[in-house]
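Be aware that the sequence shown starts at 108, since it is given in the numbering used here, and climbs by one per residue.
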Amino acid sequence: MTESIRNVIILSIWDDIWSLGEGSGVADELHFIENLSRMGTRLHFLIPEPLHGKNPIDDENVFYYTYPNIFRSLDWLPGVIKRFLWPALFPLVVNGRLERLASQVKPELILGFTYYAFNPLNRVGRRLGIPTVVKLFGVMYLDRFDFPRIKYLWKSLEQLVSLKFRVDHYIILNDGTRGKMALTKLGIPEEKISFLPNGMDVEWANVEVDRAATRERLGLARDRVIVITYSRLVKSKRIELLLRAVAMLDRVILDRIALVIGGDGPEMDFLKKEAARLGIADKVTFTGAIKHDDVVYYLKASDIFAATNELTNMSLPPCEAILCGVPVVAFDVSGTSEVVQDGKTGLLVENGNVEEFSKKLTVLIEDEELRKTLGKNAAEFARGYFVSWERRIEMEVDVLKMVARGHEQPKASE
């Protein structure tokens, strides 16, 4: 690799990664920070004011600057208003701060996370002549050209507007939402897009655990078939559909399982109430945020992974389950079937069909040999498909260096 980038500004919309507890949080960000810091890159994060006012991570190469946290201060508003008000207000609270910070630290590049970053990076990058890259962790509904036109516009309007503000380069992570196809169809030149795989802790495949001892240490039922899911608990994950599918299980089957829901987020209280309403609260364990180093142990102690995401079930958690040899039952949406291969690495269900999801869970709960076969297939598939975090970050850094060393100035949006 050539010489590393020395100075980068990163514009993020998240403060909650930092409040999940030491060792928890968004794996991509954590690996990105750790690897670039180790390479000597100085990372200047511009983030919303954290809830408790603490510095997120103590690292000699990581520096923090904040802007007013409109996401928390306006969270009381109805969802549809927040959806459009937040992107409208974001440039007003960020652009000036970003320009002052860039003038002060003189970065080689500005990197922004999510579509919120398009306007600020377009404006500030153009004014100061600094190359710009936006990193998308998926594209939500942008790839759903099969939707009726009105539905597509309603689901994607804020992203479509944001894409009018062009940047030098677009990094899209392959979470199954077919981001490269979506952006090229929407007019972004293919040569300006880097479509990268999600990184994985590939060494997890070789971790051996004593299942009984691990279950005891984690407080999990020792004599049950464990169905697990974990994610940030937000509406798009549709965990309530999993609760309803479990509630549909035959009583004899239900008595044989324990459902583990990992993660934290705004839907936590609702999901606990929903479990109680469905009469399965005694079958469900809410773990809260799981420390990253413990994820492999939760997976290796489990029997089935359930994936109900509305956007894609090719995101990190189901992929981590496959890596650990845990068969996945998933709604078949977007690019999910690329990794959850029906009858090979797991079982696929028509998107949103809760009754069918319950039936597929029943099949795996009752058939231990099938679980073992699918799990073995999953682990074998993972060895040839997934890339390590080190390799993924190396690919990403190569893109950033390419843009920083020889960018073409983007045209400002009209």
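Each residue gets a CB set at the ideal place from its N, CA and C atoms; glycine is no exception.
CB contact flag (A485, G432, <7 Å):
Residue mapping note: residue 485 aligns to position 378 of the sequence shown, counting from 1. Residue mapping note: residue 432 aligns to position 325 of the sequence shown, counting from 1. Pairing A485 with G432 gives a Cβ-Cβ distance under 7 Å.
Just to confirm before moving on: does the CB-CB distance between P238 and L216 stay below 7 Å?
Reading the sequence shown from its first residue, position 131 is the one you call residue 238. Reading the sequence shown from its first residue, position 109 is the one you call residue 216. Taking the C-beta atoms as reference points, L216 is found nearer than 7 Å to P238.
For D317, count neighbouring C-beta atoms within 10 Å of its own C-beta (all shown protein chains included) and say buried if the count is 16 or more, exposed if not.
Here residue 317 refers to the residue found at position 210 of the sequence shown. Exposed, by the Cβ-count rule.
Would you check if the distance between the CB atom of A408 and the CB atom of R322 is smaller than 7 Å?
Residue 408 sits at position 301 when you count from the first residue of the sequence shown. Residue 322 sits at position 215 when you count from the first residue of the sequence shown. A contact, by the Cβ cut-off of 7 Å.
Judging by CA-CA distance, which residue of M307, K342 and F252 is the nearest neighbour of D135?
The residue labelled residue 135 in the question sits at position 28 within the sequence shown. Of the listed residues, the one whose Cα sits closest to D135 is M307.
C-alpha distance - S131 paired with A437, whole-angstrom precision
Within the sequence shown, numbered from 1, the residue matching residue 131 stands at position 24. Within the sequence shown, numbered from 1, the residue matching residue 437 stands at position 330. Note on S131: pLDDT 39, under 50, position unreliable in the model; no value is reported.
Using alpha carbons as the reference points, say which of D376, T291, F488 and H138 lies closest to L270.
For the purposes of this step, residue 270 is identified with residue 163 of the sequence shown, where counting begins at 1. When D376, T291, F488 and H138 are compared, the shortest CA-CA separation from L270 is found for T291.
Is it a yes or a no for the segment 468 to 481 touching the segment 281 to 296, going by three-plus beta-carbon pairs under 8 Å?
Short answer: they don't touch.
Since A365 sits in a beta bridge, which residues does DSSP pair it with?
Residue numbering aside, residue 365 sits at position 258 when the sequence shown is read from its first letter. I333, per the DSSP bridge assignment.
Starting from D439, trace the beta strand (DSSP E) in both directions and tell me its first and last residue.
By 1-based counting over the sequence shown, the position of residue 439 is 332. Judged by DSSP secondary structure, D439 falls within the beta strand (DSSP E) whose first and last residues are V435 to D439.
By the DSSP assignment, the alpha helix (DSSP H) with S269 in it spans what residues?
In the sequence shown, counting from the first residue as 1, residue 269 sits at position 162. Counting along the chain, S269 sits inside the alpha helix (DSSP H) bounded by residues R256 to S269.
Using 8 Å as the cut-off, can you tell me whether the segment 378 to 388 makes contact with the segment 451 to 459, which would need three or more C-beta pairs spanning the two stretches below that distance?
The answer is no - the segment 451 to 459 does not touch the segment 378 to 388, with fewer than three Cβ pairs under 8 Å.
Does the Cβ-Cβ distance between V461 and I278 come in under 7 Å?
The residue labelled residue 461 in the question sits at position 354 within the sequence shown. The residue labelled residue 278 in the question sits at position 171 within the sequence shown. No, the pair does not count as a contact, with Cβ atoms beyond the cut-off.
Alpha helix (DSSP H) segment containing T469, residue limits:
Against the sequence shown, residue 469 aligns to sequence position 362. From DSSP, the alpha helix (DSSP H) with T469 extends over V461 to E473.
Output the distance between the C-alpha atoms of Y172 and F252, rounded to the nearest integer angstrom.
The residue labelled residue 172 in the question sits at position 65 within the sequence shown. The residue labelled residue 252 in the question sits at position 145 within the sequence shown. Spanning the two alpha carbons is a distance of roughly 38 Å.
Presumed contact (8 Å Cβ cut-off) between P175 and P198, rounded CB distance:
Against the sequence shown, residue 175 aligns to sequence position 68. Against the sequence shown, residue 198 aligns to sequence position 91. Not confirmed; about 13 Å, so no contact.
Give the C-beta separation of F225 and F272 to the nearest angstrom, bearing in mind that I take them to be a contact with Cβ-Cβ under 8 Å.
For this step, residue 225 is matched to residue 118 along the sequence shown. For this step, residue 272 is matched to residue 165 along the sequence shown. Yes, they are in contact, since the Cβ atoms of F225 and F272 sit about 4 Å apart, within 8 Å.
Comparing C-alpha positions only, which one of A320, S338, L208 and V447 sits nearest to E487?
Translated into the one-based positions of the sequence shown, residue 487 becomes position 380. The option with the nearest alpha carbon to E487 is V447.
So, helix, strand or coil for R478, using DSSP?
Counted from its first residue, the sequence shown places residue 478 at position 371. R478: helix per DSSP, three-state reduction.
To which residues of the same chain is G128 closer than 6 Å at the C-beta, ignoring the five residues directly before and after it?
Locating residue 128 in the sequence shown gives position 21, where the first residue counts as 1. Caution applies to G128, whose pLDDT of 38 falls short of 50 and renders its modelled position unreliable; the model cannot decide the point.
Going along the chain, which residues of its own chain have a beta-carbon closer than 8 Å to the beta-carbon of T148, five neighbours each way excluded?
Within the sequence shown, residue 148 is the residue found at index 41, counting from 1. Only S111, I112, R113, N114, V115 and N168 meet the Cβ criterion.
Buried or exposed for W496, going by 16 or more other Cβ atoms inside 10 Å?
To locate residue 496, count along the sequence shown from 1; it is residue 389. So W496 counts as buried.
Starting from the Cα of P304, find the closest Cα among V274, V510, M509 and R498 and give me that residue.
The residue you call residue 304 lines up with position 197 of the sequence shown. It is R498.
For the beta strand (DSSP E) that contains K242, what are its first and last residues?
Position 135 of the sequence shown, counting from 1, holds the residue named residue 242. Its beta strand (DSSP E) spans residues T239 to L243.
Thinking just about the alpha-carbon of each residue, which of I177, L349, M502 and A489 is nearest to the one in K467?
As a working mapping, residue 467 is identified with position 360 in the sequence shown. Of I177, L349, M502 and A489, the residue nearest in Cα terms is L349.
Residue from F302, L267, P296 and G294 with nearest C-alpha to N281
Counted from its first residue, the sequence shown places residue 281 at position 174. When C-alpha distances from N281 are compared across F302, L267, P296 and G294, the shortest belongs to F302.
Could you give the DSSP three-state label for A519: helix, strand or coil?
As a working note, residue 519 is residue 412 in the sequence shown. Residue placement at A519 is flagged as unreliable, the pLDDT there being 38, under the threshold of 50; the coordinate-derived value follows with that caveat. DSSP places A519 outside both helix and strand once states are collapsed to three, so it counts as coil.
Ordered along the chain, which non-local residues of its own chain (more than five positions away) have a Cβ less than 7 Å from that of K342?
As a working note, residue 342 is residue 235 in the sequence shown. Annotation for K342: E374 place their beta carbon closer than 7 Å to its own, counting only its chain and skipping 5 residues before and after.
If we call anything under 7 Å between Cβ atoms a contact, is A352 one with F464?
Position 245 of the sequence shown, counted from the start, is the residue given in the question as residue 352. Position 357 of the sequence shown, counted from the start, is the residue given in the question as residue 464. Contact: yes.
From the DSSP output, which residues share a beta bridge with G395?
To locate residue 395, count along the sequence shown from 1; it is residue 288. G395 has G369 and G370 as its beta-bridge partners, per DSSP.
Taking the alpha carbon of F220 as the point to measure from, which residue in L249, T392 and F152 has its own alpha carbon closest?
Stepping through the sequence shown from its first residue, residue 220 is reached at position 113. From the listed residues L249, T392 and F152, the smallest Cα separation to F220 is found for F152.
Using the three-state DSSP reduction, which class does F139 fall into: helix, strand or coil?
Locating residue 139 in the sequence shown gives position 32, counting from the first residue. If DSSP states are grouped into helix, strand and coil, F139 belongs with the helices.
For E503, count neighbouring Cβ atoms within 10 angstroms of its own Cβ and tell me buried if that reaches 16, exposed if not.
Within the sequence shown, numbered from 1, the residue matching residue 503 stands at position 396. Label assigned to E503: buried.
Determine the burial state of D357: buried for a count of at least 16 other Cβ atoms within 10 Å of its Cβ, exposed for fewer.
Position 250 of the sequence shown, counting from 1, holds the residue named residue 357. Under this definition D357 is an exposed residue.
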